[in-house]
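The structure appears below as structure tokens.
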Amino acid sequence: MIRPRLGWSLPRVFAHRCGGALAPENTLAGLRIAARLGVRAVEFDVMLSADGTPWLIHDESLERTTDGVGAVCKTSDADLRVLDAGARRHPAFAGEPLPSFESAAQLCRQLGLMANVEIKPAAGHEAATGAVVAGCARELWAGTELPLLSSFSETALLAAREAAPEMPLGSLFERPPADWLARVNRVGALSLHCDATLLDDEVLRAARANGIPVLCYTVNQTQAATRLFRRGVMAVFSDRIDCLGET
Ligand code: G3P
Ligand code: MG
């Protein structure tokens, strides 16, 4: 089985959605804040526009995090490019653009941030999103350590694997299903990502026995992170990078 490895060692803490709670989610401002706090790695969500271009955004619709309306997958690049992705979080962030995947990758490289790129397909666009994100990631991180690509969508992961076989993958679940190991192996993933509150010790034991690192979201309290690390969790995604930092 092809199971590409990471060219970097997993840090303990990933800033969730770029900068956690300190910045508008999935923005370049978040990446800058994470780097300024000394966080070594970030997680962000990537979805395709109507033009098939990858952009950083979590929801399928624009309303919650931007001043746009409608579905991301039905909005053109030209319309996404002019959106404000900061003011909904706080007026101090007004004017913060919706970042393209390309701009986020460039800034990660410039700031020395390792990236976990969550492939977040709109319904019905799973394979295309996996393939495009993996293909772009290959180009954007050429000549340097590759990012870790993860997804809740097995279709997206398989398409990513097909498009760029060298890319390290992570299988993402809420609660790991009974056949999680078979699923991880089917896509050739190197890591298992899941909800911290839905992880049981049996899964951790099997992951350890198979050499699969477990990463948990979303962990916002230092004590909870410490407990997870003691149980054998390798890394956590956090909104509170001001508290957790490099726990
Ligand atoms: O990748 C971990 C985490 O980001 C998954 O949940 O909804 O915040 O993308 P969500
Ligand atoms: Mg995410």
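For the sequence shown, the numbering used here gives the first residue as 155, with consecutive numbering after it. Think of the CB as a built atom: it goes at the ideal place given N, C-alpha and C, for glycine as much as any other residue. Just so you know, these numbers come straight off a predicted model, no measurement behind them.
Looking at C-alpha atoms only, which residue of the options is the closest neighbour of residue i?
{"i": "A189", "options": "L302, E217, A269, V223", "result": "A269"}
{"i": "A361", "options": "N339, V373, R381, T372", "result": "N339"}
{"i": "L302", "options": "G249, L344, A282, A313", "result": "L344"}
{"i": "L346", "options": "L352, L353, E250, G324", "result": "G324"}
{"i": "G206", "options": "S254, H170, E217", "result": "S254"}
{"i": "L311", "options": "V271, E328, A225", "result": "V271"}
Expressed to the nearest angstrom, what Euclidean distance is found between the alpha-carbon atoms of residue i and residue j?
{"i": "A258", "j": "P367", "result": "25 Å"}
{"i": "A332", "j": "V357", "result": "9 Å"}
{"i": "H204", "j": "G240", "result": "The amino acid occupying residue 204 in the given sequence is Ala; His does not appear at that position. Between A204 and G240, the C-alpha separation is close to 22 Å."}
{"i": "A223", "j": "I211", "result": "A small fix is needed here, since residue 223 is Val in this sequence, not Ala. About 13 Å."}
{"i": "T229", "j": "N364", "result": "42 Å"}
{"i": "F383", "j": "Q377", "result": "10 Å"}
{"i": "V341", "j": "S305", "result": "11 Å"}
{"i": "A282", "j": "P319", "result": "15 Å"}
{"i": "L185", "j": "V387", "result": "24 Å"}
{"i": "P245", "j": "G161", "result": "39 Å"}
{"i": "L182", "j": "L261", "result": "7 Å"}
{"i": "R130", "j": "M321", "result": "Since the first residue shown for the chain is 155 and the last is 401, residue 130 is missing from the structure and cannot be characterised."}
Under three-state DSSP, which class holds residue i?
{"i": "G324", "result": "strand"}
{"i": "P208", "result": "strand"}
{"i": "F306", "result": "coil"}
{"i": "V286", "result": "helix"}
{"i": "A378", "result": "helix"}
{"i": "A389", "result": "strand"}
{"i": "L369", "result": "strand"}
{"i": "L294", "result": "helix"}
{"i": "A360", "result": "helix"}
Using beta-carbon positions only, say whether residue i and residue j come within less than 9 Å of one another.
{"i": "P158", "j": "L300", "result": "yes"}
{"i": "F168", "j": "A389", "result": "yes"}
{"i": "S307", "j": "P275", "result": "yes"}
{"i": "L252", "j": "L267", "result": "no"}
{"i": "D355", "j": "R394", "result": "no"}
{"i": "I273", "j": "V373", "result": "no"}
3-residue-minimum beta strand (DSSP E) runs that sit fully inside the segment 227-282, ordered along the chain: 268-273
Ignoring anything shorter than 4 residues or poking outside the segment 159-222, list the alpha helix (DSSP H) runs there in chain order. 182-190
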